[in-house]
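Written below as structure tokens is the structure these notes are about.
2 protein chains.
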Amino acid sequence: MALDDNDLSVVDAYWRAANYLSVGQIYLMDNPLLRRELVPEDIKPRLLGHWGTTPGLNFCYAHLNRLIKARDLNMMYVMGPGHGGPGAVANAWLEGTYSEVYRDVSRDEAGMRRLFRQFSFPGGIPSHVSAEVPGSIHEGGELGYALTHAFGAALDNPDLVVACVVGDGEAETGPLAASWHSNKFLDPVHDGAVLPILHLNGYKIANPTVLARIPDAELVSLLEGYGYRPILVSGSEPELMHRQMAAALEEAFDEIEQIQDGARRRGDTERPVWPLIVLRSPKGWTGPVEVDGEPVEGTWRSHQVPLSQVRSNEEHRRMLVEWMASYRPEELFDSEGVPVASVRVNAPAGGRRMSANPHANGGLLSRDLVLPDFRGYGLEVAEPGRVVGEATRVLGHWLRDVMHQNPGIFRVMGPDETASNRLSAVLEASDKVWQAQVVESDVHLGPHGRVMEVLSEHLCQGWLEGYLLTGRHGLFNCYEAFVHIVDAMFNQHAKWLKVTRDLSWRRPIPSLNYLLTSHVWRQDHNGFTHQDPGFLDVVMNKPASVVRVYLPPDANTLLSVADHCLRSRDYVNVVVAGKQPGLQYLSEQEAVWHCTRGIGIWEWASTGGGQDPDVVLACAGDVPTLETVAAADLLRQYFPELRVRVVNVVDLMRLLPAGEHPHGLADGEYEALFTTDKPVIFAFHGYPWLIHRLTYRRRGHENLHVRGYKEEGTTTTPFDMVMLNDLDRFHLVMDVIDRLPWLRERAAPVRQRMVDERLAHRAHTREFGQDAESVREWRWPY
Amino acid sequence: MALDDNDLSVVDAYWRAANYLSVGQIYLMDNPLLRRELVPEDIKPRLLGHWGTTPGLNFCYAHLNRLIKARDLNMMYVMGPGHGGPGAVANAWLEGTYSEVYRDVSRDEAGMRRLFRQFSFPGGIPSHVSAEVPGSIHEGGELGYALTHAFGAALDNPDLVVACVVGDGEAETGPLAASWHSNKFLDPVHDGAVLPILHLNGYKIANPTVLARIPDAELVSLLEGYGYRPILVSGSEPELMHRQMAAALEEAFDEIEQIQDGARRRGDTERPVWPLIVLRSPKGWTGPVEVDGEPVEGTWRSHQVPLSQVRSNEEHRRMLVEWMASYRPEELFDSEGVPVASVRVNAPAGGRRMSANPHANGGLLSRDLVLPDFRGYGLEVAEPGRVVGEATRVLGHWLRDVMHQNPGIFRVMGPDETASNRLSAVLEASDKVWQAQVVESDVHLGPHGRVMEVLSEHLCQGWLEGYLLTGRHGLFNCYEAFVHIVDAMFNQHAKWLKVTRDLSWRRPIPSLNYLLTSHVWRQDHNGFTHQDPGFLDVVMNKPASVVRVYLPPDANTLLSVADHCLRSRDYVNVVVAGKQPGLQYLSEQEAVWHCTRGIGIWEWASTGGGQDPDVVLACAGDVPTLETVAAADLLRQYFPELRVRVVNVVDLMRLLPAGEHPHGLADGEYEALFTTDKPVIFAFHGYPWLIHRLTYRRRGHENLHVRGYKEEGTTTTPFDMVMLNDLDRFHLVMDVIDRLPWLRERAAPVRQRMVDERLAHRAHTREFGQDAESVREWRWPY
């Protein structure tokens, strides 16, 4: 359907209204409809917001609305340039959604006044497309993730179209540059469509953008190389632009329909070439052309606030009035300030409004997973410390059945590591999705898979975030060291979750679950670059209301923790668990009890039943637990009368004071476990100071001595790794002796023996290499 | 020069020798030349290493060597697939460099035995292209940064060519996908050339790669879109591949010469279309074709160790012998195990060897910066706390002159933020480099600039790392919150530095200097997503030998710190400093003294000269310092008899125990500042627990109470930001009162007044918005 003159006038009116409302938010405290003279007191004391990108965002929104209505589309809108917050808010208000969600911001003059005033105003709303904005799953403050969020939202939502504006600034980021290839992972049968709109407005804060300054032919070549068919829309004259944009969108949606029809009805199996729109329009379009003698529209000077002195400078104030009047508000809003029918008519109804699309409030649609009882998948552990098993492999079997029983609402992401992390059982339930070429020797690759593997932690994280934000579930399995690649993305997701906690209209979404394996202690083959347990430190900086960290010591505890995580909502759960063969300690039932408590005394490994201890050996993490239990055994042999209590920590948050985290132990409980006056030797998976950070307020903290990773490592044996960091069993025994003055003298020969053991192991390892690992064959004795 | 038969046989022999040596490293403990029967004891107990990528790396190396000799090129080799460590080591040994650097690994049979044995062996060398490998500036364990390192190395090195192998796995990462655009920032006149070799071996660990599974036409389109002219080399038959590769390289280097000639002599100003080679060869090329009935060569199964049971499985052992024999070692090594002349002849001599190129050991070539005396650039500060200034703007003037006086060895990087961070004075000394289209309204953009701006923290960081690793100097200015985007890159660089500290042959390189500005407390306009001071926590996890953190409170201290950082080597220096107008405290000379100590009592802000205090107010960071000084003033007004000591911390590492960091204060010094028994209220720039982590071993730690960012924020006023996090002056006064029992009763009215002040400010802010900031007009009174 071509754009007739009536359509054009409707779309244009809607666009003008959105632009008017955007400018109003940036500048006005009062006098929203300019129905009286604009005086300095009407102007906000500090002008905040990003005008530059906003008219383009509004332009796309207006045109997408037309399409939604014309074709009854189910569409979401992801705004990469999230700085264009005023645009998102303006559209939600125009469509009525804003007033439905925030009753006090009514769709009339009083509401408009409040809408304007609250923007970037203390006690009001932030300047970006934050969680507070209905219809958004994407803040866009930190740039780079728009397209991955859009693809994530489209997965397993066959009827959904996700329109995604990618700014040309954002397009320079690494994550975004890689995201274009997401089209190799989108199944045209079971997934929805993503329509990227690459918005070239030419400038960032203070510089032109790369993609706007290469020839069109080169840009087209790039986008074709990424596997898209670009449709170009370019100009600045509104009427011509409206006609071009309408035609481009018609063309794009015809293609999308054809592609989906081909894949779904005609059985096409070729990877589709999806359409993509390149919209080249001036930065700060329709804003002031020139201010104080400098060009503004179409330059970086319109990035934020084109007129900066409106309160104090009469000429600026006059220009603002002229600018706002250029949208002809008298045609757009009635005497009550309500958008007139000919504006409102451009918006779809109900859940078809992009600002009200339920997918953008994923908790609304989210179903709980059907979780098979994990009891039955675990290892038989009749006695602690005797059986060997691979924790993640065991988990894999359960995940396979989770995958099997939850078609369309559960995905596993991994940067080419799912098999390496020994979760390959999931491939029995689902292929790895792959729309690119397949050759005969490929295994478990297919167009409809729900395991997603690409060598980009950014894509894994971004896809999963998009998937979760639209109400589905998933797990990101990752090498521990390289999850730092997405530190910043984690931060932003945690911030989003924190904000949504205070928004009752946003329904809880499934948690973001990390499984960090191939961890610091078992990168004995890759060495130093692959050893970094510091993601936990990054996570612990985020609010207690949204983060959880688990360190299950064996397979059955991993199962129990994973079950818990997949049931939870609105958290980030970080689970650290090894993939290598390791000792198993707890039966399924014991694992449930232990994980429910999150921390506990292991009486079987303690002497004297762990009562009234002389020393506490605490541990968190599979390798530290092994060394601790082995140290306890050595102590039992050498000093049978010594009362050693072994405490294992699964839920790291239990260490925090009760007032700082909902999982935190009350002081009495903490003291009952750790004592207030006995030495505590804590063997920890990560950097040791994290444990101090969690416990420094506890009584008896001065007795706590933590061993952990202290940035020593290389390609060597696993036991050499713990020795390099003084976390080995022998050193733990030395630590105990050193902290018990009454034992020290008597224990001197044993201490020397420990020193000798370490030297002997070091020498033996240097001589025989990885053959020298007999120490790890150790079993708990009976 | 086409490849004649003699060249072919030389290149092929060299390649076979490198492959032989690579396989030997992965498998053999002994019997390096297979001159006796291979027995299980000759085989390493654990087979580690990545064969898959190695023959391709060796192939490129052999051919580049030929070119270096033929054209007398000055070339470095960056191996993106750093997992192919055996290849890098093999080539360095073949060229003789390895034995020059490591005398005990001689270039003969004894040395070969040691070479093999040490690889991935405890006490030996890591499995990757680590810092221990001569000729490398790039580990390649964490993938994504090869091309940025290569471009960084080429900057300001007009005679250098950096050949850079990009694996098709790595090519899927975000940072790498963005790096291709580095060609828009490479000056053909003053910079060297980068020759990317995109190596499509088709597979990652367990999956095919995206770029290997799109049609050639699409791939070519993509690379052309990135602005390159791809030259394709594809196949598996060695002779044909040698001829193709030789021709491709001749073509590429002819083009590079033409481009450079055009730009340097003919004055061409068009952005050049640089050549790029696409090398499509089988993964695990020349290795076992099939093992145990499964195809191996040309599949992901050859990613690591194609024959995995060589010790125990006789058939595997036989296949290994066959495989190694296929390289015809008897033609390659003489009876002493020395590479024969016809192999050695393929290697260039001296510093022309890529393994010995001095640029790859940047400290060798590095010159100190000529630094103008920063005294003279500072602000006039006659009295503390009276003058207002913008710290980064002041720094900018000094940096301008640093830039001016150090052409070709100093760069400033920023993700489109150099102006926003108020460093724009540097643009008076250098343009922002820009090879893409320039339009009339552009300012400070030019083809020869040494300020680098792109909206990618990854590119800024990677370019700078490459620049530093080759011996030059620089500064990365970044929004504080978004430096988390490069957490993982920082980790890897810090690890590299730590390793080089133990390698006497690697000369110290200039430090990596971060200026984090637009920080958490002054993101009042962008809000919550832009507020994250957690990079400091990431940095503090790295070894004391390589990390430094500075929080200068004002302009003159920032100057002094910056001067110190730009003189230092082998560190990562993190400097956090605000760009907004702020109070100035110290004159230039006082700043020097204060920064030299790194921590000190501010007597002027203390009562009773800071002697024998009742309470210590400590602070680190500009905003916390302002609030602390203001709190001290309030306390002086309300309780003139109270002895308040104000301690300011510039160098965060001073807080650590002396045994844990070279900057750490001795316990006596610490106690002299903080006391052991008086309450310490510490106002900190970052997350508060970091201060506890640094000080938990100190006597009196239980009296320490830290205020900092606790993840509360939005778009609001600066003062509201500190109030939201209880860091404001009023709350600090409350904290003091709450911790002095003898004062508490008497102080109750004052405490209530503080509570009321906070409420009044909150209400006032909600009413008047950013106009309500009069509290920040506060000056230190006299």
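These protein sequences, in sequence, are chains A and B.
If you're matching positions, the first sequence starts at 17 in the working numbering and goes up one per residue.
If you're matching positions, the second sequence starts at 17 in the working numbering and goes up one per residue.
Even for Gly, the Cβ is constructed at its ideal location relative to N, Cα and C.
Same chain, Cβ closer than 6 Å to residue i, five either side skipped, listed in chain order
i              : result
D417 (chain A) : P388
Q320 (chain A) : H66
Y77 (chain B)  : N107
Pick from the options that is closest to residue i, judged by C-alpha positions
i              : options                           : result
Q453 (chain B) : A:R317, A:P224 and A:V591         : A:P224
L4 (chain A)   : A:P191, A:L248, A:N199 and A:G241 : Because chain A here runs from 17 to 798, residue 4 (chain A) falls outside it and cannot be looked at.
G637 (chain B) : B:R661, B:Q600 and B:Q653         : B:Q600
H721 (chain B) : B:E728, B:Y712, B:W339 and B:E727 : B:Y712
M92 (chain B)  : B:P142, B:E57 and B:C180          : B:C180
V205 (chain B) : B:H677, B:I141 and B:D277         : B:D277
N47 (chain B)  : B:E352, B:H79, B:E255 and B:L235  : B:E352
A184 (chain A) : A:D207, A:P212, A:H197 and A:F167 : The sequence shown places Asp at residue 184 (chain A), not Ala. The shortest Cα separation from D184 (chain A) among A:D207, A:P212, A:H197 and A:F167 belongs to A:P212.
M257 (chain A) : A:F75, A:I59 and A:N493           : A:F75
P298 (chain A) : A:F544, A:R317 and A:R282         : A:R317
W537 (chain B) : B:A504, B:Q596, B:L239 and B:S358 : B:Q596
Local conformation of residue i per DSSP, three classes
i              : result
R564 (chain A) : strand
K726 (chain B) : coil
Y219 (chain B) : strand
W794 (chain A) : coil
Y530 (chain A) : strand
R245 (chain A) : strand
E3 (chain B)   : Limits of chain B in this structure are 17 at one end and 798 at the other, which puts residue 3 (chain B) out of reach.
F390 (chain A) : coil
A179 (chain A) : strand
R661 (chain B) : strand
E687 (chain A) : helix
L720 (chain A) : strand
S146 (chain B) : coil
I153 (chain B) : coil
The ligand ATP heavy atom lying under 7 Å from the CB of residue i
i              : result
A264 (chain B) : No copy of the ligand ATP appears in this structure; indeed no ligand is present at all.
Close-in-space but distant-in-sequence residues of the same chain around residue i (CB under 7 Å, 5 per side omitted)
i              : result
S561 (chain B) : K514 and R517
L461 (chain B) : D447, K448, W450 and V454
Contact set for residue i: own chain, Cβ-Cβ below 8 Å, skip 5 residues either direction
i              : result
E267 (chain A) : I247 and P291
- request: Could you please tell me which residues of the segment 51 to 72 of chain A, in chain order, have their CB closer than 8 Å to any CB of chain B?
  value: K60, P61, R62 and L64
message: Counting only Cβ-Cβ distances shorter than 7 Å, please list the residues of the segment 205 to 232 of chain B near chain A, keeping chain order.
response: K220, I221, A222, N223, P224, V226, R229 and I230
- request: Could you list the residues in the segment 600 to 611 of chain B with a C-beta less than 8 Å from some C-beta on chain A, going in chain order?
  value: none
- request: Using a Cβ-Cβ cut-off of less than 9 Å, give me the residues of the segment 464 to 492 of chain A that come near chain B, in sequence order.
  value: E469, V470, L471, S472, E473, H474 and L475
query: Residues in the segment 558 to 579 of chain A with C-beta within 9 Å of chain B's C-beta atoms, listed in sequence order?
result: K558 and P559
- prompt: Name the residues in the segment 150 to 165 of chain A whose C-beta lies less than 8 Å from a C-beta of chain B; which are they?
  reply: E155, G157, E158, L159 and G160
query: Mind pulling the beta strand (DSSP E) runs of 3 or more residues that sit fully within the segment 601 to 654 of chain A?
result: 615 to 617 and 631 to 636
query: Of the residues that make up the segment 501 to 519 of chain B, which ones have a beta carbon closer than 8 Å to any beta carbon in chain A?
result: I501, D503, A504, N507, Q508, K511, K514 and V515
field: Within 7 Å of chain A by C-beta, residues of the segment 525 to 549 of chain B in sequence order
entry: H541, N542, G543, F544, T545, H546 and D548
message: Ignoring anything shorter than 3 residues, give me the beta strand (DSSP E) runs that lie fully in the segment 393 to 437 of chain B, in order along the chain.
response: 404 to 406 and 426 to 430
task: Note down, in chain order, all residues in the segment 701 to 728 of chain B with a beta-carbon under 7 Å from any beta-carbon belonging to chain A.
output: Y703, W705, H708, R709, Y712 and E727
message: Please give me, in chain order, every unbroken run of the alpha helix (DSSP H) with length at least 4 that falls completely inside the segment 182 to 240 of chain A.
response: 190 to 195
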